Amino acid sequence: MSAQALLYQPPLQDMHFVIEHWLDAPADWRRMPAFQALDGETLALSTQAMGRFCTQVLAPLNHPGDAQGCTLQGGRVRTPEGFAAAYQTFVQDGWPTLACDPAWGGQGLPQLWDAVLYEMLPAANHAWSMYPGLLHGAYACLRAHASDALRQAYLPHIVSGRWLATMCLTEPQAGSDLGLLRTQALPHGDGSFTLHGQKIFITGGDQDMSENIVHLVLARLPDAPAGSKGLSLFLVPHRLGDDLAQANGVFCDGIEKKMGIKGSATCALRFEHARGWLIGQANKGLAAMFVMMNSARLHVGLQGLGHAQMANQLAHAYAAERRQMRAQPRPGGTQEAADPIALHPPVQRILLDLRVWSEGMRAIAYWAAHQLDVAEHAPDEAERAQARARAALLTPIIKSLFTERGFALASDALQVFGGYGYIHEYGIEQTVRDSRIPMIYEGTNQIQALDLLQRKALASPDALAPLLEVFDQEAAASASQPQAAPLAQALRHWCDKLQALTGALRESAAQPDGPGAIATAAEDYLRLAGLVCLAWAWTRSARIAATQPAVPAQLAQAKHASASHFLHHILPEAAYRLHRIEAALAAPILCGPAPGPTAAGG
Numbered sequence: 001m002s003a004q005a006l007l008y009q010p011p012l013q014d015m016h017f018v019i020e021h022w023l024d025a026p027a028d029w030r031r032m033p034a035f036q037a038l039d040g041e042t043l044a045l046s047t048q049a050m051g052r053f054c055t056q057v058l059a060p061l062n063h064p065g066d067a068q069g070c071t072l073q074g075g076r077v078r079t080p081e082g083f084a085a086a087y088q089t090f091v092q093d094g095w096p097t098l099a100c101d102p103a104w105g106g107q108g109l110p111q112l113w114d115a116v117l118y119e120m121l122p123a124a125n126h127a128w129s130m131y132p133g134l135l136h137g138a139y140a141c142l143r144a145h146a147s148d149a150l151r152q153a154y155l156p157h158i159v160s161g162r163w164l165a166t167m168c169l170t171e172p173q174a175g176s177d178l179g180l181l182r183t184q185a186l187p188h189g190d191g192s193f194t195l196h197g198q199k200i201f202i203t204g205g206d207q208d209m210s211e212n213i214v215h216l217v218l219a220r221l222p223d224a225p226a227g228s229k230g231l232s233l234f235l236v237p238h239r240l241g242d243d244l245a246q247a248n249g250v251f252c253d254g255i256e257k258k259m260g261i262k263g264s265a266t267c268a269l270r271f272e273h274a275r276g277w278l279i280g281q282a283n284k285g286l287a288a289m290f291v292m293m294n295s296a297r298l299h300v301g302l303q304g305l306g307h308a309q310m311a312n313q314l315a316h317a318y319a320a321e322r323r324q325m326r327a328q329p330r331p332g333g334t335q336e337a338a339d340p341i342a343l344h345p346p347v348q349r350i351l352l353d354l355r356v357w358s359e360g361m362r363a364i365a366y367w368a369a370h371q372l373d374v375a376e377h378a379p380d381e382a383e384r385a386q387a388r389a390r391a392a393l394l395t396p397i398i399k400s401l402f403t404e405r406g407f408a409l410a411s412d413a414l415q416v417f418g419g420y421g422y423i424h425e426y427g428i429e430q431t432v433r434d435s436r437i438p439m440i441y442e443g444t445n446q447i448q449a450l451d452l453l454q455r456k457a458l459a460s461p462d463a464l465a466p467l468l469e470v471f472d473q474e475a476a477a478s479a480s481q482p483q484a485a486p487l488a489q490a491l492r493h494w495c496d497k498l499q500a501l502t503g504a505l506r507e508s509a510a511q512p513d514g515p516g517a518i519a520t521a522a523e524d525y526l527r528l529a530g531l532v533c534l535a536w537a538w539t540r541s542a543r544i545a546a547t548q549p550a551v552p553a554q555l556a557q558a559k560h561a562s563a564s565h566f567l568h569h570i571l572p573e574a575a576y577r578l579h580r581i582e583a584a585l586a587a588p589i590l591c592g593p594a595p596g597p598t599a600a601g602g
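Counting in the UniProt record's numbering, the sequence shown runs from 1 upward without gaps.
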């Protein structure tokens, strides 16, 4: 493979297909005063510029950054060579400002624009993308909950990207269970607080890329209730003063040695007499933090999509070049001793899986981002409320399913390379390593499944209606289109199954063994819901490819082939997931003694 083939190349044609045809986003923008001036040409120019930055600036730093990693020198983190300079280019080009309010120095573009960018960044260089990855979430959190004084002092710097941000939750004894947090915040007497405690696994907790770091820290006030209801959120700057000459009491005690994303500094932070300011109300910190966390979860799902796309690119490039044996059936007219492995059916299946999952996930992710724009800018409140409900349902699916598939597809892509995939210079082994962590951070995938089923789907009998109504409309629109009709029939079938299953789970939840059954079924339920979302995405893709003349003929043909592959080779998994959920209702895994290891010698 050439060196160029190892560098990320953004799939601009499919991105534009999704935004302009599949979403028809420009039509919605024309209804929103904030976006009426936008058009497809503006989007194309912007995505091309994003792609150039990712391919020419970030991608060449990916493998060297993995080899070099971060170092701790004199208590300060040093990022890999070239990372800081790349970040300055990122800031100078205005990328952090894309979807931020012009009142704070932003460009006021749709969040869909931000989603495209944050698919590209981790695909090109996941480790580097971790540093600016929390900027938009911090902006949204402060904009929604901070005082006017804090917004005036910090938002312009965060929007511009001159200052980076962190999310400080985890402590040695408190991971998913935030109620166990111990970090203390003591009133200082002047409206500020003094923080004391330790936080671990903090991305970018220290770095040499920005002038300052804004830490958003969960901590307890002296009289706070126990558990998660006693958490407050604080803004703790790394440095103080107008000239940033004064160090605050935030110290990096170490950086983790990790399996992947080695160029991202994962820090253990110590807060000693660190001065901070309350964000929002006392003991209501989780409500404020969840604004940031939900933004982060969508970005993490986009990381999974980015890894899937990069694996797709690498595997297709290698399979087109590598020749082994003769394909069965063999293409006519060839005289070569061996054919490209891309022609062998087992490899073709992997390549099709890579393409179908990547393109289907892209459609869903961009639709979710577009729903956030509709939720904020649509002229009708009922439409805004529906969009908020859809985004809430999609967030755990995108975070969990996309990251799981990103890792699994990267592993499948490595298989295409054979032994060459297991060595460094072909790139895919780094993608496998880097793609594993998104399944864990920002709420493990198991936590996302419980959130979807327990807190959202079972909340009311019509909880899924905001999604299922859209899916039903697509099934009706596609039923008379020959290319899409088989998918439309399958989509309607699985929508009915999902609705009936959700009702059965709601009834089961009220039984004595209900909590165990729900917890046992949650992961399979999320996967089934994700497959139904994919069925909708590919039904719509097949219809649009067949009915819109503006879609290039070659792209339309590829979409039909992909839709057929999804219907016959991926969607059948839904029956397996349904069976597992039914088994969970019949035989839930209940709380009891932890199972021990199998005895040696059997």
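Glycine residues also receive a C-beta, built at the ideal position from the N, C-alpha and C atoms. Model, not experiment: these values are computed from the prediction.
When C-alpha distances from Val291 are compared across Phe90, Ala144, Ala537 and Ala185, the shortest belongs to Ala144. Shown here for Asp114: same chain residues with a beta carbon closer than 8 Å to its own, the five before and five after excluded, namely Leu98, Ala99, His136 and Ala369 in chain order. Assigned with DSSP and collapsed to three states, Arg239 falls in strand. A straight line joining the alpha-carbon of Val470 with that of Gly419 spans about 45 Å. The secondary-structure analysis by DSSP pairs Arg220 across a beta bridge with Gln184. Taking one beta carbon from each stretch, the segment 417-434 and the segment 280-291 have fewer than 3 pairs nearer than 8 Å; the two do not touch. Taken in chain order, no unbroken stretch of alpha helix (DSSP H) lies wholly in the segment 309-346 with a span of 4 residues or more.
Apart from sequence neighbours up to five positions away, the residues of its chain that approach Ser411 with a beta-carbon distance below 6 Å are Val432, ordered along the chain. With fewer than 16 other Cβ atoms from the protein chains shown falling within 10 Å of its own Cβ, His273 counts as exposed.
Pairing Phe53 with Asp93 gives a Cβ-Cβ distance under 8 Å.
Here the segment 354-365 makes contact with the segment 562-577; the two share three or more CB pairs at distances below 8 Å. Pairing Leu526 with Leu468 gives a Cβ-Cβ distance that is not under 8 Å. The bridge partners DSSP lists for Val18 come to none.
At the C-beta level, Leu531 and Arg577 come within 8 Å of one another.
For Asp66, the enclosing alpha helix (DSSP H) stretches over residues Ala59 to Gln68. The shortest C-alpha to C-alpha distance from Leu269 to any of Gly280, Cys252, Gln281 and Arg275 is the one to Cys252. Here His569 is not bridged, per DSSP, to any residue. In the three-state DSSP reduction, Ile589 falls in the coil class, being neither helix nor strand. Listed as beta-bridge partners of Ser480 by DSSP are no residues whatsoever.
A contact between stretches requires three or more CB pairs, one per stretch, nearer than 8 Å, and the segment 102-113 fails this requirement with the segment 221-240. Here DSSP, grouped into helix, strand and coil, assigns Ala86 to helix. In the structure shown, Gln56 falls within a helical segment according to DSSP collapsed to helix, strand and coil. Counting C-beta atoms within 10 angstroms of its own C-beta, Arg76 has fewer than 16 neighbours from the protein chains shown and is therefore classed as exposed. Non-local C-beta neighbours of Tyr139 in its own chain, meaning closer than 7 Å and more than five positions away in sequence, comprise Cys100, Leu155, Ile158 and Val159, ordered along the chain. Sorting Thr547, Leu534 and Gln152 by C-alpha distance to the C-alpha of Ile570 places Leu534 at the top. Three or more Cβ pairs drawn from the segment 39-51 and the segment 8-27 lie within less than 8 Å of each other, which places the two stretches in contact. In the three-state DSSP reduction, Asp206 falls in the coil class, being neither helix nor strand. For Gln489, the uninterrupted alpha helix (DSSP H) segment begins and ends at Ala485 to Ala509. With fewer than 16 other CB atoms across the displayed protein chains lying within 10 angstroms of its CB, Ser176 is exposed. Closest in C-alpha terms to Gln107, from the list Gln68, Leu38 and Trp163, comes Leu38.
Around Tyr87, the same chain offers Met209 as residues with beta carbons nearer than 6 Å, after the five sequence neighbours per side are excluded. In this structure, the CA atom of Gln454 is about 43 Å from the CA atom of Pro64. The secondary-structure analysis by DSSP pairs His196 across a beta bridge with Gln184. Assignment of Ile423 by DSSP, reduced to helix, strand and coil, places it in the coil class. Spatial neighbours of Leu401 in its own chain (CB-CB distance under 6 Å, excluding positions within 5 residues in sequence) are listed in chain order as Gly530. Of all alpha-carbon atoms in Ala127, Tyr131, Glu404 and Pro96, the one lying nearest the alpha-carbon of Val116 is that of Pro96.
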